[in-house]
């Protein structure tokens, strides 16, 4: 049994969905193959605790997507298929220290700058964020695309014009600086460190990893500019919108099927073979949203890959594991600081000090004694997610080991690995830490659902060892060196392209790698589908038919 398409996309996370939609809109015939029963990757919404409580099972905040070129290309079509966002224009995020001190950020840069310590720190903060906002597009072009491309050269020249030699040297210095060191260098007080350093965990970094000096102000600038949008009705509505769009474009979506290998003919990728033995032919391109080890050590034969590339792919590092918790509440939280009642994202952290220790403990195989607790209150933006009068928490613990060797407090038994008992003991430890800053949390909890690192990997094969970011994003494995030195989206095998979180620009919901590869294929490949097929896809998408 064989089917033939212009392009075959392996993996239907955000990058696979974006690439398939953009290629299909350009008239390509496309097949998407996904090992799970539903497309979406780490985008899902489920009633995991009690009926009426809709929890975003994995990812939730869509700041990157609404600001992305993929959304610019597809947003109008997705809205026609039901996508709607809710956002904040007031409280943005906050950090509560372990001793109860609160640092708060607002959508307004001016309002936030007035709150971060001394007036001098406020002026410095505002300058840093305004400068990053100005340079964001050029930096994105450099970090996401091919450093040897014309687009990268244009971005570098634009940065030089905007910043001069001294400013570009400053950017380079920030690139090799950690978030902790950048905050110490730029600010006298602790507020900026405490407020923004925990966000580096959402990029897979720690406070002491290089590149934090660039990423930290970039994260802050993006959040001030685009807020923390959530999908009305749950993140799964984005997947439903993609399903509607892909269906209207006649994209063939094949789910519950694993790709076993890439078919090679005359030295080029010509399709894939599935676990059921089916050959799905690709006349122009195969796009694989997989890890480097999967692509170069499983999907391709050794004689094509070569010993050196195979070795580098096998040694691609994955980062810390993470846990996801979902809590159904009788009523919304009543924080000690009432401003947090309406703040969508709250971190429990002392900034670099506690977060740095927790990261080090996790990387040493220990369960942290003072974990960074990332608290999401999506219901303050979207009341449809909970029953009337109810509340819910989306909690992430981004500093846990995949193989626990011990407990930093010496309280929990880790001898059996990630058992249900250990998973829920970690969950309730996080809730105990949180309860010190909330009125009546224990009485408000109706039910807790916890997802362990092995469960993350089981759901998403690219989350190796429970790493939800597709690979360690430290400097030697980022930017021009991601996924591997000398290997980018375009592989050495003709017609084979690499996309996904393991590739540039890295993890997140921007859909950048899928968009970049799709646009490159559309712009440089002459595809002439059969005329009637192309027109049929166009007319079906736009709701009219001229083929009567």
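Numbering (my numbering), first residue to last: 1 to 548. Quick reminder that beta carbons are idealized off the backbone N, C-alpha and C, glycines included. Since the model is a prediction, treat every value here as computed from it, not as a measurement.
Residue burial classification, residue i (beta-carbon count within 10 angstroms, cutoff 16)
i, result
"residue 549", "Since the first residue shown for the chain is 1 and the last is 548, residue 549 is missing from the structure and cannot be characterised."
"residue 11", "buried"
"residue 476", "exposed"
"residue 121", "buried"
"residue 229", "buried"
"residue 220", "buried"
"residue 636", "Shown here, the chain extends from 1 to 548; a query on residue 636 therefore has no answer."
"residue 539", "Because the pLDDT at residue 539 is just 46, under 50, the model does not fix this residue reliably, and the value given afterwards should be weighed accordingly. Exposed: under 16 other Cβ atoms inside 10 Å."
"residue 439", "exposed"
"residue 266", "exposed"
"residue 48", "buried"
"residue 403", "exposed"
"residue 176", "exposed"
"residue 204", "buried"
"residue 186", "buried"
"residue 312", "buried"
"residue 240", "buried"
"residue 547", "In this prediction, residue 547 scores a pLDDT of 32, lower than 50, which makes its location untrustworthy; no coordinate-derived value is stated."
"residue 544", "At residue 544, the pLDDT of 38 sits below 50, so the modelled position is not reliable and the matter cannot be decided from this model."
"residue 107", "buried"
"residue 202", "buried"
"residue 532", "A caution first: residue 532 carries a pLDDT of 37, below 50, which makes its placement in the model unreliable, though a value can still be read off. With fewer than 16 other Cβ atoms within 10 Å, it is exposed."
Residue i: first and last residue of the uninterrupted alpha helix (DSSP H) it sits in
i, result
"residue 361", "352-363"
"residue 172", "150-175"
"residue 423", "420-435"
"residue 309", "307-314"
"residue 112", "109-113"
Candidates the options, of which the one nearest residue i by Cα
i, options, result
"residue 442", "328, 389, 230", "328"
"residue 286", "226, 276, 263, 303", "263"
"residue 139", "117, 309, 152", "152"
"residue 63", "516, 522, 509", "509"
"residue 17", "212, 296, 252", "252"
"residue 382", "425, 32, 2, 55", "55"
"residue 71", "119, 41, 195, 226", "226"
"residue 433", "100, 94, 31, 212", "100"
"residue 356", "240, 197, 422", "197"
"residue 147", "373, 514, 490, 519", "490"
"residue 244", "370, 74, 389", "74"
"residue 317", "481, 247, 373, 182", "481"
"residue 190", "352, 422, 199", "352"
"residue 143", "522, 514, 506, 523", "506"
"residue 217", "42, 300, 133, 498", "133"
"residue 315", "325, 291, 300", "291"
"residue 299", "320, 323, 325, 270", "270"
"residue 256", "460, 301, 88", "460"
"residue 258", "7, 39, 498", "39"
N-terminal and C-terminal residue of the beta strand (DSSP E) that residue i is part of
i, result
"residue 391", "391-400"
"residue 242", "Segment 236-248 is the alpha helix (DSSP H) holding residue 242; no beta strand (DSSP E) there."
"residue 326", "321-329"
"residue 106", "102-106"
"residue 3", "2-10"
"residue 289", "279-289"
"residue 137", "Note, residue 137: premise wrong, no beta strand (DSSP E); alpha helix (DSSP H) at 119-144."
"residue 411", "Careful: residue 411 lies outside any beta strand (DSSP E) and carries neither H nor E."
"residue 264", "259-265"
"residue 253", "252-255"
"residue 403", "Looking at the DSSP string, residue 403 is not in any beta strand (DSSP E), and its letter there is neither H nor E."
"residue 274", "268-274"
Presumed contact (8 Å Cβ cut-off) between residue i and residue j, rounded CB distance
i, j, result
"residue 348", "residue 375", "7 Å"
"residue 178", "residue 135", "So it is not a contact: roughly 20 Å between Cβ atoms."
"residue 215", "residue 82", "33 Å between Cβ atoms; not a contact."
"residue 471", "residue 483", "7 Å"
"residue 330", "residue 444", "5 Å"
"residue 362", "residue 401", "5 Å"
"residue 289", "residue 13", "6 Å"
"residue 391", "residue 333", "6 Å"
"residue 260", "residue 4", "Rounded, the Cβ-Cβ distance is 18 Å, inconsistent with contact."
"residue 23", "residue 518", "5 Å"
"residue 346", "residue 183", "Actually they are not in contact, since the Cβ atoms of residue 346 and residue 183 sit about 19 Å apart, beyond 8 Å."
"residue 50", "residue 325", "Going by Cβ atoms, the distance from residue 50 to residue 325 rounds to 15 Å, so no, they are not a contact pair."
"residue 210", "residue 59", "With a Cβ gap of about 25 Å, residue 210 and residue 59 do not count as contacting."
"residue 165", "residue 21", "With 8 Å as the limit, residue 165 and residue 21 do not qualify as a contact, their Cβ atoms being about 42 Å apart."
Min CB distance residue i to chain C below 7 Å
i, result
"residue 463", "The chain inventory of the structure shown lacks chain C, comprising one protein chain alone."
Cβ-heavy atom distance, residue i to the ligand FAD, below 6 Å
i, result
"residue 258", "With respect to the ligand FAD, the structure shown offers nothing to examine, as it has no ligands at all."
- Message: Give the list of continuous alpha helix (DSSP H) stretches no shorter than 4 residues that lie fully inside the segment 20-99.
- Response: Those alpha helix (DSSP H) runs which fall completely within the segment 20-99 and span 4+ residues are 63-66, 69-80.
- What runs of the alpha helix (DSSP H), each 4 residues or longer, lie entirely inside the segment 495-530? Taking 4 residues as the shortest admissible run, the segment 495-530 contains the following complete alpha helix (DSSP H) segments, listed from N- to C-terminal end: 512-524.
- Query: Which runs of the alpha helix (DSSP H), 4 residues or longer, sit entirely within the segment 438-498?
  - Reply: Listed in chain order, they are 441-444, 453-459.
- Residue ranges of each alpha helix (DSSP H) run of no fewer than 4 residues wholly in the segment 184-229, ordered along the chain? Counting whole runs of 4 or more residues, the segment 184-229 contains the alpha helix (DSSP H) stretches 191-196, 212-226.
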